Ligand SMILES: Cc1cc2nc3c(=O)[nH]c(=O)nc-3n(C[C@H](O)[C@H](O)[C@H](O)COP(=O)(O)OP(=O)(O)OC[C@H]3O[C@@H](n4cnc5c(N)ncnc54)[C@H](O)[C@@H]3O)c2cc1C
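Protein chains in written order, with the numbering used here: chain A, 2 to 249; chain D, 2 to 480.
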């Protein structure tokens, strides 16, 4: 079975983000980029599935040359091949889904993994849009997955509990933390990844529906105050909570 | 100047990360060098004891006073100048190590010393000659101090510059104590032939003067770093792997050149397993290592791969960083063990008895198993890890009762004694402070300690500064 994993290349949640001079995009200068953390669960699940059921894992990303780093990491973790769908311009979720759906069709992949959301723009929608464009089943926010022949049993997180869903291939699964524990690359994997080529092609054109008008940073937090490190500071703390912060 | 006379307002300064408790009358927080100087001169005249406080992350009670006044340097926290061309940075003593490192790295420069506790002050690092994982390749803090400005107990400011020959001091002429045969040492005053005055001050735990400014040496930031955590089914294999990696790293013909080589035993891995679920259950030991990569990446990987296989690492479960996040995660793996142990102890209200010993490389293997047997035979819980690239062992005994605590202390004594027999050092990085003087006296003869006491008196006639650190006060009466 061909398994596809769609991955995005996002700013590390620990780095400081600045807004670009156009006021609409993230300024990539000085920002460390990483594999979208939820996509790591998707990659791991694809690899585990392959190890159990056989098949081949292809990772796909939409973006520019920088995304190769993320594809390279997926290869180092154990993916068999990688495709970069190139577009220098920022696309909306639909534009990305369109390009991915086209490639998944070409790849003939029946099982497709996404992260449940990409931590850059947090739209949480690309997986479902892709499923719709492909006319595949889709289960999102999955924390447990079992594949038995054609039958898929997936556990998903819902408000205050869990829900078990049954469906069948072809399917798009979006991964939530807890689905598995992503592996680190092996030395063999890193060495093999360096020898693999990343296939590059233009992402198919798509009409965009969402336009970013403006990006703003949240108002800066006020500096904290340290009053002491033991019980002697408590009375001062209570006083300030009452008089200054007015919360008690 | 901020002055606190109510003890409850400076309680936290009466201890450090060792939990050793002390006492003081007042705390002074000078806001200018002039204020600091006047205070010191006044105290010197009145013979009031002064103890210098860094950020209190020390593990030997060094900043904890027994009496007198505390001087906290925390207001001197500015990075004064970065000279990108000559690759130096000038700092005040209370700059946090963490802030300094991030600051220079933004400019593509690198400050190699990396003690695990990044919330320590640079002044504290210099006073204890702190070191870390990268000391394996780059040496301790000492190697990165170009210049120091030091305020002496008599109010005089000394400007020490490594490039100016400050080597012919009469009072230092006969200073000659034995040097441990280890690659790291933080026990007592530094001594070598043609000793430079700056080296005497570095690592002297505030006995000779107050560090008020330092110029530090930087290097270019290494861009590509290969980072890994390998697991082994036997400790012996892990130790042999480290030993050969170490030899190869110092061999110019070899392409292997680790910048850090650290060991974790089975118990450490249990402590870490909650935060790092990928640790394989079967692992009996792990080794974390890093190498900077400039060229020949493939060849470097192949060489490491060969070496790892030779020592039967668990190839399927080893971790290799493939992006900056992994790299940071592995660094966390290395850093969090000391935190985890401290957290556990605090939770259970246990006391930790932990070694900071290093021995000559050739003896390390047997020494490690000797220590382990000693501690296992006495039925104590323990966790061992350390900078094994420098033959430096943190063996932490975790006694659960007073009786066990007593046994742990006895073991600690025996381990220090063995260390000294092997020409090792009883403190490779934390220093002596007030807590390790007894063991320090195993390492040096009375005559040697008296030489140090004499040097102390040369700079601090009235014996006011940081009294109790390194040298037991009874020695001062003998010189
Ligand atoms: C979790 C943990 C991990 C640690 N890991 C390491 C490690 O890997 N390597 C290592 O070397 N240490 C380590 N330490 C010990 C500690 O962080 C170092 O000793 C550090 O250098 C102390 O810095 P500080 O600013 O906290 O100094 P303090 O604890 O405040 O003081 C230390 C000594 O330096 C003197 N001093 C401080 N500033 C000055 C000054 N400006 N002039 C003169 N004397 C001064 C003090 O009087 C005292 O004697 C660790 C500690 C903890 C809690």
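Here a beta-carbon is modelled for each residue, glycine too, at the ideal position from N, C-alpha and C. Small disclaimer: the values here were computed from a predicted structure and weren't measured.
Q | Extent of the continuous beta strand (DSSP E) to which residue 154 of chain A belongs | A | 152 to 159
Q) By how many angstroms is the C-alpha of residue 362 of chain D removed from the C-alpha of residue 426 of chain D? A) 12 Å
Q: Please find out if some non-hydrogen atom of ligand 1 comes closer than 6 Å to the beta-carbon of residue 424 of chain D.
A: no
Q. Mind checking if residue 333 of chain D is an interface residue toward chain A, Cβ cutoff 7 Å exclusive?
A. no
Q) If you draw a straight line from the alpha carbon of residue 383 of chain D to that of residue 394 of chain D, how long is it in whole angstroms? A) 13 Å
Q) What does residue 74 of chain A touch in chain D if you count any residue whose Cβ is under 7 Å from its own? A) 323, 324
Q: Tell whether a beta-carbon distance below 7 Å holds between residue 335 of chain D and residue 289 of chain D.
A: yes
Q.
Closer than 6 Å to a non-hydrogen atom of ligand 1 - does that hold for the CB of residue 206 of chain D?
A. Within the cutoff, so yes.
Q.
By the DSSP assignment, the alpha helix (DSSP H) with residue 248 of chain D in it spans what residues?
A. 236 to 250
**Q.** Residues that residue 320 of chain D bridges to, as DSSP identifies them
**A.** D/230
Q: Note down the Cα distance separating residue 121 of chain A from residue 211 of chain A, rounded to an integer number of angstroms.
A: 16 Å
Q | Stretch-stretch touch, CB-based, cutoff 8 Å, three pairs: the segment 258 to 278 of chain D with the segment 127 to 145 of chain D | A | yes
Q. Interface residues of chain A around residue 316 of chain D at Cβ under 8 Å?
A. Simply 187, 188, 189.
Q: Please name the residue in A/95, A/71, A/104, A/93 whose C-alpha comes closest to that of residue 86 of chain A.
A: A/104
Q.
Using beta carbons (cut-off 7 Å, strictly below), is residue 12 of chain D in contact with chain A?
A. yes
Q) Going along the chain, which residues of the segment 248 to 280 of chain D sit with their C-beta nearer than 8 Å to a C-beta in chain A? A) 278, 279
Q. From residue 23 of chain A to residue 70 of chain A, what does the alpha carbon distance come to, in whole angstroms?
A. 25 Å
**Q.** Three-state class that DSSP yields for residue 231 of chain A in the structure shown
**A.** coil
Q.
Whole angstroms are fine: how far does the CA of residue 197 of chain A sit from the CA of residue 164 of chain A?
A. 40 Å
Q.
So that I know if they touch, is there some Cβ in chain D lying closer than 7 Å to that of residue 81 of chain A?
A. For residue 81 of chain A, the answer is no, since every Cβ of chain D falls outside 7 Å of its Cβ.
Q: Give me the Cβ distance between residue 143 of chain A and residue 157 of chain A, rounded to the nearest whole Å; I'm assuming they're in contact under 8 Å.
A: 5 Å
Q: For residue 453 of chain D, count neighbouring C-beta atoms within 10 Å of its own C-beta (all shown protein chains included) and say buried if the count is 16 or more, exposed if not.
A: Its Cβ being crowded by 16 or more others within 10 Å, residue 453 of chain D is buried.
Q) How about the segment 413 to 423 of chain D and the segment 351 to 371 of chain D: do they share at least three Cβ pairs that are nearer than 8 Å? A) yes
Q. Comparing the CB of residue 156 of chain D with every heavy atom of ligand 1, is any distance shorter than 6 Å?
A. no
Q. Using a Cβ-Cβ cut-off of 7 Å (strictly less than) and excluding sequence neighbours within five positions of residue 410 of chain D, which residues of its own chain qualify?
A. The beta carbon of residue 410 of chain D sits closer than 7 Å to the beta carbons of 354 from its chain, once the five residues preceding and following it are set aside; these are given in chain order.
Q: Quick one: residues in its chain with C-beta nearer than 6 Å to the C-beta of residue 233 of chain A, no 5 flanking neighbours on either side, listed in chain order?
A: none
Q: Could you list which residues in chain D have their beta carbon closer than 7 Å to that of residue 77 of chain A, in chain order?
A: 323
Q) In the DSSP assignment, what residue or residues form a beta bridge with residue 202 of chain A? A) For residue 202 of chain A, which the question treats as bridged, DSSP gives the partners A/86.
Q. Is it true that the segment 40 to 53 of chain D meets the segment 66 to 81 of chain D, where meeting means three or more beta-carbon pairs spaced less than 8 Å apart?
A. yes
Q. Which residues in the same chain have their Cβ closer than 6 Å to the Cβ of residue 52 of chain D, if we skip the five residues on either side of it in sequence?
A. 66, 71, 467
Q) Closest Cβ-Cβ distance between residue 199 of chain A and chain D: below 7 Å? A) No, residue 199 of chain A lies away from the interface with chain D (no Cβ there is under 7 Å from its Cβ).
Q.
Could you check whether residue 116 of chain A and residue 34 of chain A sit closer than 7 Å to each other, using their CB atoms as the reference points?
A. no
Q. Under a CB-based cut-off of 7 Å, is residue 182 of chain A close to chain D?
A. yes
**Q.** Completely contained alpha helix (DSSP H) runs for the segment 323 to 388 of chain D, where each covers 4 or more residues
**A.** 325 to 349, 362 to 378
Q: Taking the CB atoms as reference points, tell me whether residue 215 of chain D and residue 127 of chain D lie closer together than 7 Å.
A: yes
Q) Just to confirm, does residue 296 of chain D get its C-beta within under 6 Å of one of the non-hydrogen atoms of ligand 1? A) no
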